[in-house]
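Taking it in order: structure first as structure tokens, then the write-up.
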Amino acid sequence: MRQTIQQHRVVVIGAGYTGATAAGRLARRLRGEDVSITLVNAEADFVERVRMHQLAVGQPLRPRPFDEMFAGTGVELRLGRVTGIDVDRRTVTVTGADGASDLEYDTLVYALGSAWNTQGVPGTTEHAHEIAGRDGALRLRDRLAALAPGSPVTVVGGGLTGVEAATELAETRPDLDVSLIARAGLGDWLSPKGARHLQKVFSNLRITTHEHTTILAVHADRVTTPQGDIPAAVTIWTTGFAVHPIARATTLETGDTGQITVDATMRSLSHPDVYAIGDAALVTGPGDKPLRMSCASGVPTAWQAADAIAARLTDSKLPTISARYFNQCISLGRKEGLIQYVTADDRAVDAALTGRLAALYKELVCKGAAWGVANPTLGLPTRRRRVTAERARVGVPAA
Numbered sequence: 000m001r002q003t004i005q006q007h008r009v010v011v012i013g014a015g016y017t018g019a020t021a022a023g024r025l026a027r028r029l030r031g032e033d034v035s036i037t038l039v040n041a042e043a044d045f046v047e048r049v050r051m052h053q054l055a056v057g058q059p060l061r062p063r064p065f066d067e068m069f070a071g072t073g074v075e076l077r078l079g080r081v082t083g084i085d086v087d088r089r090t091v092t093v094t095g096a097d098g099a100s101d102l103e104y105d106t107l108v109y110a111l112g113s114a115w116n117t118q119g120v121p122g123t124t125e126h127a128h129e130i131a132g133r134d135g136a137l138r139l140r141d142r143l144a145a146l147a148p149g150s151p152v153t154v155v156g157g158g159l160t161g162v163e164a165a166t167e168l169a170e171t172r173p174d175l176d177v178s179l180i181a182r183a184g185l186g187d188w189l190s191p192k193g194a195r196h197l198q199k200v201f202s203n204l205r206i207t208t209h210e211h212t213t214i215l216a217v218h219a220d221r222v223t224t225p226q227g228d229i230p231a232a233v234t235i236w237t238t239g240f241a242v243h244p245i246a247r248a249t250t251l252e253t254g255d256t257g258q259i260t261v262d263a264t265m266r267s268l269s270h271p272d273v274y275a276i277g278d279a280a281l282v283t284g285p286g287d288k289p290l291r292m293s294c295a296s297g298v299p300t301a302w303q304a305a306d307a308i309a310a311r312l313t314d315s316k317l318p319t320i321s322a323r324y325f326n327q328c329i330s331l332g333r334k335e336g337l338i339q340y341v342t343a344d345d346r347a348v349d350a351a352l353t354g355r356l357a358a359l360y361k362e363l364v365c366k367g368a369a370w371g372v373a374n375p376t377l378g379l380p381t382r383r384r385r386v387t388a389e390r391a392r393v394g395v396p397a398a
């Protein structure tokens with residue numbers, strides 16, 4: 000009698016920028032005969048989340064099917080939604096076209112990401128639109144297409160998503176009355192140069208700005224503020240992101256935000272066979288500040304997790320990938336942009352790139368992010384390593 004060595008089962012849940020990157024990078028680090036890599040996602044193609052404001056205004060986006068992206072890598076795509084996780088039994092419940100079934104794992108990479116955050120404001124769920132995902136952007140696209148000239152459209156949220164949505168919409172549909180509501184001042188997180196440029200673009204696009212304003216309620220045709228009602232045939236809600244609630248329903252240790260607490264290798268502090276990446280992870284960055292939910296933050300965590308998993312399975316040296324910020328890339332329609340350079344902990348410095356060159360820079364960044372998902376080792380040569388016998392899964396005794 001001898002024991003058989005079976006494939007180590009890696010399951011990655013969520014195929015956004017981080018999940019897809021982690022799956023592809025692992026496949027290039029480990030031998031397929033030693034490891035099975037299953038990527039669970041509700042859709043069959045990759046969604047460029049950073050372009051959802053473009054999709055919402057009717058711009059076509061290039062399809063990126065996963066079967067092409069992962070061709071020849073050994074990554075298996077499992078279509079379905081994650082509806083349950085039992086981290087003590089090491090199973091993920093996936094609900095697809097054929098119903099629900101459990102998927103067993105030896106290592107889980109949790110990359111379910113985030114969705115829009117309604118902030119608990121009454122009427123938001125019923126009446127507002129979101130662009131945190133493709134379904135929401137497509138619904139918004141249809142609604143905007145049906146609007147008559149002169150209709151008021153209100154964007155709630157003065158952060159990066161809100162600014163990009165407002166400017167994209169105002170440029171594409173100059174016949175609409177676009178306004179933006181910001182809790183603070185417009186561009187108050189930018190350098191003086193960056194803020195001036197943002198205000199200039201808003202003025203040129205005739206976007207009305209309501210600064211230092213909060214929303215008390217959202218209605219079908221208006222939003223209510225302490226200063227009174229603001230007309231809104233369509234309300235676009237962009238006040239930040241909230242993580243998928245499923246982690247809190249498990250025994251995983253999470254922070255106040257619902258994000259999974261991890262160590263420097265993205266490994267769960269409570270369950271060492273679980274790694275969390277991207278928006279789902281509570282990661283401490285430079286200056287001991289939590290990384291903000293963004294593609295710029297998430298991709299380095301995917302690299303770190305994939306390389307750490309590969310290192311542990313092959314008894315190699317654990318790598319360290321530092322997550323830090325260099326700039327904030329903001330599209331202001333197709334003709335204008337703003338690249339705000341920042342410190343490692345994301346504070347604006349004096350330098351900023353503006354205008355058409357900044358728009359080109361941002362477009363290259365978006366294209367590069369999608370390219371990076373399909374090329375998770377950034378085109379560098381890699382060697383697939385063998386999983387050590389001690390790390391492999393041991394099967395039932397064989398004769």
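So the sequence shown is numbered by numbering that gives the first Met the number 0: it starts at 0 and just counts up by one.
Every residue gets a Cβ at the ideal spot worked out from N, C-alpha and C, and that includes glycine.
On a predicted model such as this, the values are computed, not experimentally measured, just so you know.
- In this structure, A55 lies away from L38, with their beta-carbon atoms at least 8 Å apart.
- By the Cβ criterion, the stretch 336 to 347 is in contact with the stretch 360 to 369, since at least three pairs of Cβ atoms, one from each stretch, lie closer than 8 Å.
- Taking 4 residues as the minimum length, the alpha helix (DSSP H) runs contained wholly in the stretch 95 to 147 are 123 to 126, 133 to 144, in order along the chain.
- T20 carries a helical assignment under DSSP once its states are collapsed to helix, strand and coil.
- Straight through space, the alpha carbons of Q226 and V34 are spaced by roughly 60 Å.
- Under the 10 Å beta carbon count, V152 is surrounded by 16 or more other beta carbons and is classified as buried.
- With 16 or more neighbouring CB atoms inside 10 Å of its own CB, D306 falls in the buried class.
- The straight-line gap separating the alpha-carbon atoms of R221 and D314 is approximately 59 Å.
- Looking at the DSSP output, C328 shares a beta bridge with I338.
- A distance below 7 Å between beta-carbons, with the five flanking residues on each side excluded, links A322 to the following residues of its chain, in chain order: V282, G284, L290, S296, P299, T300.
- Secondary structure of N374 (DSSP, three-state): coil.
- Take the alpha-carbon of G31 and the one of V11: they are about 16 Å apart.
- Between G122 and the set L215, Y104, W115, the nearest pair of CA atoms involves L215.
- The Cβ atoms of F69 and D44 lie no closer than 8 Å to each other.
- Every alpha helix (DSSP H) stretch that sits fully inside the stretch 243 to 328 and reaches 4 residues is listed by chain position as 294 to 312.
- If one requires a minimum length of 4 residues, the alpha helix (DSSP H) runs lying completely within the stretch 28 to 107 are 51 to 55, 65 to 68, in chain order.
- When R8, L251, A21, T160 are compared, the shortest CA-CA separation from I276 is found for A21.
- If the five residues before and after R27 are omitted, its C-beta is found closer than 6 Å to the C-beta atoms of T376, T381, all from its own chain and listed in chain order.
- Judged by DSSP secondary structure, V177 falls within the beta strand (DSSP E) whose first and last residues are 176 to 180.
- Each of G112, L107, A347 was checked against the Cα of I36, and the nearest Cα belongs to L107.
- Beta-bridge partners of D228 (DSSP): T223.
- Here the C-alpha atom of E170 lies approximately 16 Å from the C-alpha atom of T160.
- Annotated three-state conformation of H196 is helix, per DSSP.
- No Cβ-Cβ contact shorter than 8 Å links G157 with A194.
- Taking the Cα of P62 as reference, the smallest distance to any Cα among L312, R172, R133 is reached at R133.
- The C-beta of T253 has 16 or more other C-beta atoms within 10 Å across all chains shown, which makes the residue buried.
- Between the beta-carbon of P271 and that of G257 there is about 20 Å, and that puts the pair past the 8 Å contact cut.
- In this structure A165 does not touch V155 by the C-beta definition: roughly 10 Å separates them, more than the 8 Å allowed.
- Selection A231, S330, V348 evaluated against G149 yields A231 as nearest (Cα-Cα).
- Here E163 is near S330, since their CB atoms are less than 8 Å apart.
- Here V348 is exposed: its Cβ has fewer than 16 other Cβ atoms, across all protein chains shown, within 10 Å.
- A straight line joining the alpha-carbon of R205 with that of G367 spans about 31 Å.
- Assignment of L185 by DSSP, reduced to helix, strand and coil, places it in the coil class.
- For E47, the closest of L379, A369, R385 by C-alpha to C-alpha distance is A369.
- DSSP, reduced to helix, strand and coil, places A368 within a helical segment of the structure shown.
- Sequence-distant Cβ neighbours of A41 in its own chain, meaning closer than 6 Å and more than five residues away, are R80.
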